[in-house]
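Colleague: If you scroll down you'll find the structure; I have some questions about it.
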Amino acid sequence: MAMAMKKRRKLIAEKKAAKALARKEAAKELAAKAKKAE
């Protein structure tokens, strides 16, 4: 039972990390677009 909880927690942590990374990449793209627009 404990093993399943650990695995699940790891999966959730990985999903959160992936979302944070995607947000960072999107922010970079937006910044690049803003610079080009100036």
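Note that our numbering numbers the sequence shown so that position 4 is 109, with each residue one more than the last. Note that CB positions come from ideal geometry on N, CA and C, so glycine has one too.
On the three-state DSSP scale, how would you describe Glu130?
Modeller: Correct three-state label for Glu130: helix.
Colleague: Taking the alpha-carbon positions, what's the Lys141 to Lys112 distance?
Modeller: Computed Cα separation, rounded: 44 angstroms.
Colleague: In angstroms, rounded to a whole number, what distance separates the CA positions of Ala148 and Ala122?
Modeller: This structure cannot speak to residue 148, because the chain is shown only from 106 to 143.
Colleague: Rounded to a whole number of angstroms, what is the C-alpha to C-alpha distance between Ala127 and Glu143?
Modeller: Those two C-alpha atoms are separated by around 25 angstroms.
Colleague: Hey, how far is the Cα of Ala125 from the Cα of Met110?
Modeller: One C-alpha to the other measures close to 23 angstroms.
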